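In UniProt numbering, the protein residues as written are 1 to 1101. Right, one structure below, let's go through it.
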């Protein structure tokens, strides 16, 4: 119901006809559609699970039992996925007759039960196998050099590149003049190498051996000095070394919400200590610092080499001063170092990362501005490719002087599939090659699809997991794709891919920028695009992740936007969300995809309750996800083992052996309702954040501005800027009707000229843009157009280069130098919803043609009472609870500026939907009263508790107090896992018809089914930890039964201390040890009978 506080209002900006236009009304779902799916649960929005096979034997009985269990509890389908992490005892070989029998039978059973059936693109992850030859595998560019004397006709053989499987393919043979003063290094000059520690072989560290030397841990502030005496003055410009990687690379760390910082932040990432310093001396006694020696972070692919460049420094003595490189908590505090080369060559700083040999976010550039005589003049590069035969013999009439001849070839990276059935582990397919992707499809997925179809099964789709086999920076024909995409020939810039500076630092960096961008574009076109095409040809749905750990120079939003169903992932150790799911929903919104999927609950353990999983799900919905695929459920081949297969130690606990399983239907139904509502209409988001074009590119916490409270954002990269965005009536609008009020530019001021032109056109047409004054363009192309670049910047940001301000350009406005909060205020933007301050509170908003849907998540452990103001003029508000399926009318007030004010209360960790419309159907709903009078009665007396003897329990016992099972003296209770039934006779003297009666738990660990007077009332499994028992409650004596299930971990921990023949549980791979903490269990503290009365009917309170 609504009371009109003010008779008129002017806030009309949010009427759907204004924002989206009348033409989009017919495209949007309406309130009736939303209500129907909320009340009548739809199979299409049920959560699915990844169903892992290959860890154990697979059985028909187990397949049927698994699938029937999924169907019974409301899981909508499975992804049949051979993924393993243990010894796989008893598992069938992939493609063996037994394997085929089980796969086809599983598809048939899924079809019988009405479950969707999909399969993964490959055995293990992510896409490859024995059929991928070295030529079809992932490739990287490598080079070998030789020095020749010119001034005569030459015929010489080039050294052969080092390559896995002896496979390599030449790309180009280039020559350029040799200059001794910039080509000398420690391997050529062979300085005297000494060390102050007798037990350390310093010479081995400077050898070419791939065997790294172990440098033992030293005391704090104690140094290992490795000194090089060149015998004369030597000029150095760079140092290269390999080390055993440490920590976790930034590109491997999932970004999670947090305040912006100057340093990268991510799950599991920490800034490592430097190894020490490189120092120089003229006398060997007094040394000064040249540069810090940076660590190599552990990344997928295991890259070990790093090059650091610095301005030319001259001295007779150089030394590595290695010290304090470790932290106390390091498991391997020693240092492994080798292949150290001190060189006079002018090098690109950390060129290995910029050349995408390993993936890294490109931050500040520390390459010095070298002099012309220190770098390669591209006009003096001679292309000898046509003068080189297939055996690597060069025939060349060389000009006078010494020449450096570089043989560039591509070789396999060695990236392999992993965690699959052993007989089909092999090389990963080339991610930049359509030929390789299609070869993989034809050798694996095509056979599966054909066989299932031939035997009467049904295959709904294909899933592609995230790529985790490391980086690649080349493919056969890459130079042609580069020319097509970037518009220039890369050949004369190839030396930069060996670390050389060509023409200038700016030119070299510009080429490497274009190189990484091309890799990102080709992964989308050749890898994801090929699988999308092949799926479409077979009428299969492609659900695809990109590079979950961004171990390639990728563009996740572009990749997700080009597949039919983009997918992300969220893990059990991400309690407050991550930005991979935000990228997924952004891609779905940007590219008109109705579903933003997520690999959900990844790696959750048997120790985690469904309430904990709901907390993860809530933030995922608030971040825009509307399909869950649980990760994961291990196939359970046995009917009599608990838990049975444990995923090789990874748990994969979303299966029928989990003690919670029989009580989990409400958990899955909550997801069904939520996913359905989150698919209705279209997203309402005010801010679109441009991430730039510098691959790898993704949402990075430390680069984000502070997002104003009550505003949400989508992120996008350059493709969406050019292909999806235009301006209508001052808003940035996408073809499907989604629109934004303001564009936010990258904090680092890096924008290409082409992107700047497009942004300028949007501002001219009326868009609002916030961002720092652009400083540079990364691409090589723009170096010739900086006059135009600067002029365009001046027109948009003003010529005075003021630190803060706003500038009108055309019909639009540019804001800079202030907080984003101030910018949206100056732009007259109102929050979508006024959220409570200083607490974790998430929301999402979707619009219908005749209503608004808001999802609210109180992501805190404390309750919340807050008056929310929603940016809508729809007059009637309802609360839809996805946990219970109940709906209520809400009291609301129209504010002076045309918004709706609604007082709401939320329990700790509670979430629900608030629906707005102009329909008066709310009059048929009960009004949600937040301040009802309550009469609370603690249920006193003893409880009879029945612990199953079959599960190791003592049978019936009496609890005089409701205590944690794990504190009980009886070890049969202390280590009990399963269901225990609490029984108590509850007296009700006078049941009042005008009252509601609740059963409320102080603490429940972890889930309970309530039966009152033989009538099943429902399940309590999450906040607010109460249930309405009004309909089953009777005046007089009531027989109360509470079926409580706890974590399976406790019994496994207890069993780990027993001989195997005395254990209740069986784990194919053990996941419990005696030292583990027990999980709180049972009803703890108290149970209350709560009588709720409307304030207007509480005269007898």
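Beta carbons are placed, not taken as given, at the ideal position from N, Cα and C, and that holds for glycine. Source: prediction; values computed, not measured.
- Taking the C-beta atoms as reference points, residue 833 is found no nearer than 7 angstroms to residue 855.
- In this structure residue 53 is buried. Its beta-carbon is surrounded by 16 or more other beta-carbon atoms within 10 angstroms.
- Between residue 262 and residue 271, the alpha-carbon positions lie close to 12 angstroms from each other.
- For residue 823, the CB contacts under 6 angstroms within the same chain, skipping 5 residues up- and downstream, are 770, 815 in chain order.
- Relative to residue 701, the option among 255, 674, 237, 159 whose CA is nearest is 255.
- Residue 226 is bridged by DSSP to 195, 320.
- About 10 angstroms separates the CB atoms of residue 765 and residue 733; that is not less than 8 angstroms, and the two are not in contact.
- Looking from the CA of residue 772, the closest CA among 757, 705, 828 belongs to 705.
- By the criterion of a C-beta distance shorter than 8 angstroms, residue 529 is surrounded in its chain by 434, 562, once the five residues flanking it on both sides are discounted.
- Approximately 5 angstroms separates the beta-carbon atoms of residue 475 and residue 139; this is inside 8 angstroms, confirming the contact.
- DSSP places residue 731 outside any alpha helix (DSSP H); the residue lies instead in the beta strand (DSSP E), whose first and last residues are 731-733.
- A Cβ-Cβ separation of about 6 angstroms places residue 964 in contact with residue 1082 under the 8 angstroms criterion.
- In the displayed model, residue 1050 falls within a helix according to three-state DSSP.
- For residue 51, the secondary structure class from DSSP, reduced to helix, strand or coil, is strand.
- Non-local beta-carbon contacts of residue 74 in its own chain, meaning distances under 7 angstroms to residues more than five positions away in sequence, involve 46, 665, 668, 669, 672 in chain order.
- Counting along the chain, no beta strand (DSSP E) covers residue 112; the unbroken alpha helix (DSSP H) around it starts and ends at 97-113.
- Boundaries for residue 278: no alpha helix (DSSP H) harbours it, while the beta strand (DSSP E) harbouring it runs 276-281, taken from the DSSP string.
- In chain order, 972, 976, 1051, 1064 place their CB closer than 7 angstroms to the CB of residue 952, counting only its own chain and leaving out the 5 sequence neighbours on each side.
- Of 110, 739, 643, the smallest CA-CA separation from residue 592 is found for 739.
- Across the set 1091, 759, 685, 413, the C-alpha of 685 shows the shortest separation from the C-alpha of residue 847.
- Sequence-distant partners of residue 494 (beyond 5 residues in either direction) whose C-beta falls short of 7 angstroms from its own C-beta, in its chain, are 172, 174, 408.
- Residue 648 places its beta carbon 7 angstroms or farther from that of residue 1030.
- Excluding five sequence positions before and after residue 906, the CB atoms of its chain that fall closer than 6 angstroms to its own CB belong to 858, 864, given in chain order.
- When DSSP reads this structure, residue 984 sits in a beta bridge with 1040.
- Residue 1023 and residue 910 have their C-alpha atoms roughly 6 angstroms apart.
- A distance of 7 angstroms or more separates the beta carbons of residue 275 and residue 291.
- Put simply, of 782, 454, 724, 861 the residue whose alpha carbon is nearest the alpha carbon of residue 615 is 861.
- Counting only residues of its own chain and dropping the five nearest sequence neighbours on each side, residue 1074 has a CB closer than 8 angstroms to the CB of 1053, 1056, 1057.
- Here residue 599 is buried. Its C-beta has 16 or more other C-beta atoms within 10 Å.
- By the Cβ test, the segment 446-457 is not in contact with the segment 545-554, since fewer than three Cβ pairs between them sit closer than 8 angstroms.
- In this model, residue 441 and residue 484 are separated by some 26 angstroms (Cα to Cα).
- A contact is defined here as three or more CB-CB pairs under 8 angstroms, and the segment 316-330 fails this definition with respect to the segment 380-389.
- Buried is the label assigned to residue 774, since at least 16 other Cβ atoms lie within 10 Å of its Cβ.
- Residue 95 is not a Cβ neighbour of residue 228, given a cutoff of 7 angstroms.
- Cβ neighbours of residue 217 within its own chain (closer than 7 angstroms, five residues either side excluded): 326, 333, 334.
- Taking a C-beta distance under 7 angstroms as the contact criterion, residue 141 and residue 110 do not qualify as a contact pair.
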